[in-house]
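A short worksheet on the structure shown next.
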Amino acid sequence: MSGAMVPGSGGASATGSTGAGSGGSANGNSGQGGTGSAGTPGGSSGTASGPCDIYAAAGNACVAAHSTIRALHAAYAGKLYQVRRADNMTKDITVLSAGGFADFAAQDAFCSGMTCVITAVYDQSGHGNDLVYQGPGSTVPSSDQ
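Those letters in the sequence shown? Residues 20 to 164, by the working numbering.
Given below as structure tokens:
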């Protein structure tokens, strides 16, 4: 990735109100905002919810949760994915804060001037359902290679 990428927000509110969202694109250009969505019915504690928090509240916990953009649980503060440079050095990319977005600046700094590929996408559900690259040059434990 080159340059800083700032994800746009969709206008969702954690306080139960609705509002206009602001848009954005991967290349940094502004976009049209979406309409806001209502918060948790019956009020809200003021904390943001990720998709897996919403499913869990409905009795359907995530058994796998993968994203290279953001945490899918409000409390998730771990690794999102791993990148590998052309010199075979790897780096785990984490969220900036619990429930937040990926640390794109860390990836940009690590991959600066080199080609990078994503070699693992970590499961945020706590069930260990990580997605790992298994092609040529793979070093996946328990892989046939």
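C-beta: ideal position from N, C-alpha, C; glycine also.
Exposed unless 16 or more other CB atoms sit within 10 angstroms - verdict on residue i
{"i": "Q153", "result": "exposed"}
{"i": "G78", "result": "exposed"}
{"i": "T134", "result": "exposed"}
{"i": "D142", "result": "buried"}
Short Cβ contact (8 Å threshold) for residue i with residue j
{"i": "L91", "j": "C71", "result": "yes"}
{"i": "R89", "j": "A121", "result": "yes"}
{"i": "G132", "j": "T113", "result": "no"}
{"i": "S68", "j": "A93", "result": "yes"}
Inter-residue Cα distance where the pair is residue i and residue j
{"i": "V140", "j": "C81", "result": "16 Å"}
{"i": "D111", "j": "V102", "result": "6 Å"}
{"i": "C130", "j": "T138", "result": "13 Å"}
{"i": "T109", "j": "A76", "result": "36 Å"}
{"i": "G119", "j": "V151", "result": "23 Å"}
{"i": "D149", "j": "Q126", "result": "19 Å"}
{"i": "P155", "j": "Y95", "result": "32 Å"}
Selection from the options that minimises the alpha carbon distance to residue i
{"i": "H146", "options": "G119, A84 and D111", "result": "A84"}
{"i": "Y74", "options": "N148, R104 and S144", "result": "S144"}
{"i": "A128", "options": "S116, T138, S86 and R104", "result": "R104"}
{"i": "D106", "options": "V151, L150, V136 and G118", "result": "V136"}
4-residue-minimum alpha helix (DSSP H) runs that sit fully inside the region 106 to 132, ordered along the chain: For the region 106 to 132, whole alpha helix (DSSP H) runs of length 4 or above, ordered along the chain, are 123 to 130.
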